Structure formats: C-alpha cells, structure tokens
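Just below is one structure, and these are the notes that go with it.
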Ligand code: CA2
C-alpha cells in the first residue's frame, strides 16, 4: 500500500488566516490541508498535515516518518533559521523532502535568509503563499513516481 505524504508545520502556523494576512494571506491551515489532499489525490497519493509549536515534537514526527511516510513537506516556521535538530532529523529520512515558506524569506529580515533545512531539502518553495504547499505536493509526487519507474 502506498505511504502517505507527511506535511509538517512549525511554530505559530496554527495562526494562519487569523493574523498578519498582509504577509501570510487569509487562508487557514485547514485550507492548506484541503489543497494538499486535493493535489495529492490527482497523483493517487494521500497527505496528512500536522502542526506543532514545539521543536522536539517536530523532530519526533520526522523520526516517525522514517518508517511510516513516503515523503515530507515541511514549513519549519522560525525553526528554519535556528534548528540544527530538525536538519539532523531530516538527514535521517530517506524519502523526498520539500521545504515551503509562505513568504519570500530572502526579501525579509536578514536573519530569515538562511534556512538550515534547505541543506537537506530536495526542493524549496518560497513566496508563493499557500499555493506553495500545492507545488510542493506536485514536486514530491513527481519524485515518488520517478522512484518506482
Ligand atoms: O514564510 C513562512 O512560511 C515562514 O516560515 C513563516 C514563519 C517565519 O518565522 C519564517 O521566517 C517564514 C512564521 C510563521 C508565523 O505564522 C503566522 C501565521 C499567521 C499569523 C501570524 C503568524
């Protein structure tokens, strides 16, 4: 049976749609979950979206993904710029990894320009808003179908 694509979201992303719509848009994380599920269905895949405000919980979920999920899409939020722990966990995962940022982190404050996670990601999508998650699903589905052909 095909494994699911795990979509992880870091701190404060549960507030999506409720605050700072000028930066992050007005769609909610539930809307993002719907977009991802619909996009994955086109490719015969399924998605599961999770969000945590805790670095260790994200690390635990990445460990879980090693046996239980086909690919990881991750918006690590502010942990992108600080977390070697999340990078180390992703380096232990063997499937495709795509990193998503709603905003263009390169056009924002300098401290947002580096993402540790980008060192492991197979694809990085920034500045496309919630649509970026859909692009990431398309990308990992393409990687997964390449892997079986
Ligand atoms: O652009 C992105 O997706 C970020 O990962 C979002 C993070 C930020 O720290 C990164 O530099 C870039 C912040 C997530 C905060 O999410 C909110 C959503 C709605 C309202 C307030 C915060």
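In our numbering, the protein residues as written are 5 to 153. Every residue, glycine too, gets a C-beta built ideally from N, C-alpha and C. Just so you know, these numbers come straight off a predicted model, no measurement behind them.
At least one heavy atom of ligand 1 lies less than 6 angstroms from the C-beta of residue 81. A Cβ-Cβ distance of about 6 angstroms is found for the pair residue 85 and residue 118, placing them in contact under the 8 angstroms criterion. In terms of Cβ geometry, residue 32 and residue 41 do not form a close pair [threshold 7 angstroms]. In this structure, the beta-carbon distance from residue 82 to residue 134 does not fall below 7 angstroms. Here the region 111 to 127 does not lie against the region 56 to 65, with fewer than 3 beta-carbon pairs under 8 angstroms apart.
Relative to ligand 1, even the nearest heavy atom lies 6 angstroms or more away from the CB of residue 143. Closest option to residue 66, judged by alpha-carbon separation, among 49, 93, 9: 93. For the pair residue 77 and residue 140, the CB atoms are nearer than the 7 angstroms cut-off.
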